[in-house]
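Working notes, structure below.
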Amino acid sequence: MAAAVEQAILVSAAAVAYTHDAEAAQAPRSYIPTMRRSLLTSALLLATVGVVPAGAAEAAVPIDFERDILPIFTRFGCNSGSCHGKQAGQNGFKLSLLAFDAEFDFDALTKEGRGRRIFVVDPERSLLLSKPSGRNPHGGGRRIEPGGPEYQRLLGWIRAGMPRRTPDAASLVKITVKPEQEILALKGTRQIEVTAHYSDGTKRNVTRYAQFQSNEAGIAAVSEDGIVQAQGICGEAAIMARYMGQIAVFRPTMPLPGDVPASVYDELPRKNFIDGLVWKKLQRLRITPSQGCSDEKYLRRVYIDIIGRVPTSEEARKFLNDPKPDRRERLVNGLLEQPEYAEHWANKWADLLRPNPYRVGIKAVLNYDAWVRRAFRKNMPYDQFVRELVAARGSTYRNGAVTLFRDRRDPGERTMIVSQLFLGIRLECAKCHHHPFEIWAQEDFYSFAAYFAKVSRKGTGLSPPISGSEEVFFSSPGTGTLKHPRTGATLAPRPLFGSAPKLDGETDPREALADWITSKDNPFFAKVMVNRVWADLMGRGLVEPVDDLRATNPPTNPELLAALAADFQKADFDIKSLVRRITASHVYALSSLPGPRNVQDTHHYSRHYRQRLRAEVMLDAISGITGISESFSGMPPDSRAKELWTTRIGSLFLDAFGRPDPNQDPPCERTPDTTVVQSLHLMNSANLYKKVTSDTGWAAELAGSKRKPEEIVEQLYLAIYSRTPDSQERVIGRGVFQKKGITRRQAAEDLMWALINTPEFVFKD
Amino acid sequence: MNTTTNATSRYCDGMTRRSCLQLGLGALTGAGLTQMLQLRAESGDSGARKRSCILVWLDGGPTHYETFDPKPNAPKEIRGEFEPISTSVPGVHFSEKLVGLAKAAGDFAVIRSIRHNQGNHGAGNHYMMTGAPPRIPVSCGAFVSFHPSLGSVTAHDRGESRGLPLYFSMPRMSRSGGPNFLGARYAPFVVPDDPNGKDFRVRDVALPKGLAEIRFGSRRELRGLVDKLKRIDDKTAGDPVLALDDYYRQGYNLVTSPQAQKAFNIHSESDKVRESYGRNSFGQRALLARRLVEAGVPFVTLYEGGWDHHGGIFPACRKRLPKWDQTLSTLLEDLSERGLLDSTLVLVLGEFGRTPKINKGGGRDHWSNAMSVMMAGAGTPGGTVVGATDRAGYSAVDRVLSPENFASTVYTKLGINPDQALYTPQGRPVHLVSDPTPIQELLG
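Chains A and B, in that order, are what the protein sequence lines are.
Heads up: the first sequence begins at 72 in our numbering, then just goes up one per residue.
Heads up: the second sequence begins at 3 in our numbering, then just goes up one per residue.
Right, here's the structure in full:
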């Protein structure tokens, strides 16, 4: 199962690429897959593109329910998730979501509704025709044109006696799009044509019935008729076409106008393979990268990224005074050995794994948290980390990893968390119906879930709000099976693709599953992890969302993702070596300020993307700078925010800055946004005010020392901005101390407050 | 009546309600309140702006027998110790402690026939707060969110409003009062402090105690001087620093704008007004809610804990109901006198009603087969009683309604279409209310 297999999976995978980037978050509504298309436009398209299936042409070929009728429902939004396709249907009429269950739809039309949906004696009076064509009141309005091609086809099907299957009807094999790739002008347009290929070798142009979605509508949008419109921003997009569960992708590239000599790229620094692969991409887009960043910026970045805090003034001074050329490398190596590395990275994984202790139990969650922290302290290889989780057994009082199974209690829940976290494959849709935008069927879901069918438990289950009892997890003998919820078929454990070790009925099936997941032949495993780490360090994942890998959501730089994954595998899944690799690249050390040819680049790493500090990083930084540690309930004195074992420990600060809320479902969302509440909190919160003005704090200490104002100013700049003040800033700083009516102590406090309240502190730049 | 935050508010699940999330995540966008007030002034008609909502949440599940649905003809072990009293609406009776509300009955409606199937706090809260039942079984202790709350949806709908946060919750967020997939911008701005306190101020919106205004001014000036990080002005660069700048401007506006501070300054109310609302935390929160609504805030939740009367329900109600009655009737009267009632929807409810039979401890337990919900303002026809429970109050029997009908009514009144799909960040369509049928009698 090497790259070829993966490619096959990715290429056949279907998906509406609902993006989830910053733009989408700001304007979620613009990402709504619109189902309504103007009938007029469609008619025009029909005329211009010359779509085959229409009226007379069809009369010769018998109408087939699956080939000819179901696509109409998808095309006009009838079976969408917001209409008859939703769980409860609409007004008593339910269709399967996007026609994934033809049998169900056939019954819904022909057998339910007391025969009113289809009125055989007078077909035109069938609700199936009168409602969507607007002759009878219809909540969804008029969807098909009375007398139009779809109307005629539905009518013809009813007149023909509503055949379920016509003999020899060809089945759909795949769809293709034309073109597959193309370079477009910044504001170029392109009509996509979608062709359906059938088992009898015939083809049809199904553009009219296909649905389209762009993964980057801000870069290239697509109309409901498949017309791609570049938006005037240089970059790349993936436009997905979907037709009856099949998908194909068109990838337009819009380079920046104007030529850049090849020598520009040839002369860029190449510290490791990352640089070359990024430059190659930039060259294709004719983007040029920013300048390298200063030592000061680099210092601040690696402290924040590797150990989750800003350097102290002494640490900053030491590095900035280091004249040796290998100082950055030594700095990174030193940071990777600090105990804070483990706490910071465990805190990130806690977001993904750690449940609400009031539901799952305090002791179980405490042990789970401790297990994750221990793994990072030992620098446990990532494959072992995942294996110990996926195949965890024993008592929640003794093995923290087993809390995964106490938290996710049935095979379905376990399937979802395991596939998403460790493979970047989101299966939740396939639990209840065919994944609407992917190849995954319910059968795939339950076959995968069958690996967890033999997990047994003893002890007391969840009894919120305490749930304090012990629970023991073990594997019962046998290989385990699950039933398909719809067909009732018995499903044996089967991986999502490729092959997994055979089950012998004695060994825990989860061992075979862990083998398959962590295998070096499974490209998803390494890719999703390197993508996570890359996103943390670089400000944006090569794939976004970071754990959503699929053909319709392609990486912005597939070669780089593959190379990082291969490198991670070669290093036997050593996370520290991955961090070392990324931070050693020149790309990591680029300035955030754009040059002449990259201001619009937000995807290809031609400059460093600014990130607001994580809640815990910022709070720990503030505690460090002010010299007043935070007091957390139930934690030892001087505990850091990144050491908290649960987000249920109260903190107005951490809540304001978007730490995840385990009460939500799904519980692991952390918000990177800035909000006015954050600025108000930094400005005015009683807590921060106390820290800055405390008699035992650093401002008081500096003011009480013999230091000259210039020295105090320099100390503050080093501790808060990780750099020394320039000459103008020294003048400003001195001015604060010379101001009338302000004590030395107040001056130090005011400057500290002011620096903490600026973006240069709040952001990793 | 300091019952909302102190240790007396113990629940059947044995835990004292911790503040779930006193997070102050609000939804402030755009410029200051001043501008908004100007817009209002220009429109010259307070009715022209969109409606606001004050949601009084009685956490624990208020008894319907001792409030809006007395059952004098039921056996003694059911009807309890209180007598019914007539109201200003002929034929409509409330329980005896609701003296003020009985007089004002012509100004609001009561729904006596909402019933559902979620008989524990976590699930009942979720169902009534969001109009959607929890997706998986949850328990009494649960603080869950599977669906955006009424308040968050309203904030989301009003997203372009300017100045003050769009959704307040006091003194805490209700269990399921959060934004779910709508995102942190639509979480409530929580004001945990007690407005009945002598030196009450809204946290973070007022200067920290001990910092003189003049020093705040000089700090602000200093911040401007030391803030030298280069911004990337090209919008397509997506520089997140620009958003922070915007939020600092808004933050300064809130802190320094006299109008915004005025909205928060409950101390400017006359003693007479403050007394009329009741000199207790709940009373003063209701007054603050009125001030916020007046300043244009579209949604305010007043979270009132301690209604889980499993034991000693009669002494508790004797003590609590008169003050509560005073606050609510004053709120209605005040809104009405200020001409705000037409544009302000007032809701009073909890997660469910309480059991007919009085238990051994002299209390009533959880009962989701019947409950009473009060609704006033925003065109709600006063004096209306929707539906009825049976003779003994066991179950809603006449005009049986669901939490979905309730949520749809609220949304319709607030100008939000309940029959719409919202989209999660993953693009999954979620129906705002699965049964988007509002209660016609209440639409007015």
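Idealized CB from N, CA, C, for every residue including glycine.
List the residues of chain B whose Cβ lies closer than 7 Å to the Cβ of residue i, in chain order.
i      : result
A:W824 : R221
A:G705 : Chain B residues near A:G705: none, gap ~12 Å exceeds 7 Å.
Could you check if residue i is buried or exposed, using at least 16 other CB atoms within 10 Å of its CB as the buried criterion?
i      : result
B:H118 : buried
A:V192 : exposed
B:S88  : exposed
B:L445 : exposed
B:D478 : Because chain B is modelled from 3 through 446, residue 478 of chain B falls outside the range shown and cannot be assessed.
A:N669 : buried
B:G179 : buried
A:D766 : exposed
A:I510 : buried
A:A727 : buried
A:I827 : buried
A:I304 : buried
Under three-state DSSP, which class holds residue i?
i      : result
A:P743 : coil
B:A50  : For B:A50, the pLDDT reaches just 31, beneath the cut-off of 50, and the residue's location in the model is therefore unreliable, although a value from the coordinates is still provided. Three-state result, B:A50: helix.
A:K554 : strand
A:I254 : strand
B:W59  : strand
A:P737 : With a pLDDT of 43 at A:P737, under the threshold of 50, the modelled position of this residue cannot be trusted; read the value that follows with caution. In this structure, A:P737 counts as coil in the three-state DSSP scheme.
B:E306 : strand
A:D366 : helix
B:S147 : strand
A:S663 : coil
A:V670 : coil
A:Y269 : strand
A:M754 : helix
A:G432 : coil
A:K249 : strand
Short check: CB of residue i to CB of residue j, under 8 Å?
i      : j      : result
B:S90  : B:Y67  : no
B:E353 : B:N182 : no
B:I418 : B:I113 : no
B:G133 : B:A378 : no
B:P447 : B:I80  : With chain B running from 3 to 446 in the structure shown, residue 447 of chain B is simply not present.
A:Q300 : A:T260 : yes
A:R425 : A:T742 : no
B:S374 : B:D71  : yes
B:P197 : B:R287 : yes
B:K415 : B:L347 : yes
Residues of chain B with a CB under 8 Å from the CB of residue i: which are they?
i      : result
A:E800 : V228 and K230
A:P626 : By Cβ distance, chain B contributes nothing, its closest Cβ being about 18 Å from A:P626, past 8 Å.
A:L498 : None at all; the shortest Cβ gap to chain B is about 13 Å.
Find the residues of chain A that neighbour residue i, judging by a C-beta separation of less than 8 Å, and give them in chain order.
i      : result
B:V207 : L751 and N755
B:D2   : Since the first and last residues shown for chain B are 3 and 446, residue 2 of chain B lies out of range.
B:V299 : Within chain A, no residue comes near B:V299; the closest Cβ sits about 14 Å away, beyond 8 Å.
Along chain A, which residues have their Cβ under 9 Å away from the Cβ of residue i?
i      : result
B:P436 : A small fix is needed here, since residue 436 of chain B is Ser in this sequence, not Pro. Simply K157, Q158 and A159.
B:L257 : Note that residue 257 of chain B is Val in the sequence shown here, rather than Leu. Result: L751, M754 and N755.
Starting from the beta carbon of residue i, find every residue of chain B whose beta carbon is closer than 9 Å, and list them in chain order.
i      : result
A:T623 : Near A:T623 there are no residues of chain B at all, since even the closest Cβ is about 11 Å away, more than 9 Å.
_Whether or not the stretch 421–432 of chain A and the stretch 532–549 of chain A are in contact is what I'm after, with contact meaning three or more pairs of Cβ atoms, one per stretch, closer than 8 Å; do they touch?_
Contact between the stretch 532–549 of chain A and the stretch 421–432 of chain A is present, because at least three Cβ pairs lie under 8 Å.
_Segment contact, 8 Å Cβ cut-off, at least three pairs: the stretch 359–377 of chain A with the stretch 793–813 of chain A_ = With the cut-off at 8 Å, the stretch 359–377 of chain A and the stretch 793–813 of chain A touch.
*contact_flag[the stretch 596–606 of chain A, the stretch 474–482 of chain A] where n(CB pairs < 8 Å) is 3 or more*: Taking a cut-off of 8 Å for Cβ pairs, the stretch 596–606 of chain A and the stretch 474–482 of chain A do not touch, as fewer than three such pairs fall below it.
*Take every Cβ of the stretch 386–402 of chain A, pair it with every Cβ of the stretch 675–684 of chain A, and state whether three or more of those distances are shorter than 8 Å.*
As far as the Cβ criterion goes, the stretch 386–402 of chain A does not touch the stretch 675–684 of chain A, which means the pair count is below three.
*Counting Cβ pairs closer than 8 Å, one from the stretch 805–823 of chain A and one from the stretch 778–787 of chain A, do we hit at least three?*
In the pairwise beta carbon analysis, the stretch 805–823 of chain A is classified as touching the stretch 778–787 of chain A: at least three pairs are separated by under 8 Å.
*Are the stretch 261–273 of chain B and the stretch 749–766 of chain A touching, with three or more C-beta to C-beta distances below 8 Å?*
Flag = no, the stretch 261–273 of chain B and the stretch 749–766 of chain A do not touch.
_Check whether the stretch 151–171 of chain B and the stretch 181–196 of chain B touch, using three or more Cβ-Cβ pairs below 8 Å as the test._
As far as the Cβ criterion goes, the stretch 151–171 of chain B touches the stretch 181–196 of chain B, which means the pair count is three or higher.
*Does the stretch 329–336 of chain A come close enough to the stretch 276–283 of chain A that 3 or more CB-CB pairs lie under 8 Å?*
No, the stretch 276–283 of chain A is not in contact with the stretch 329–336 of chain A.
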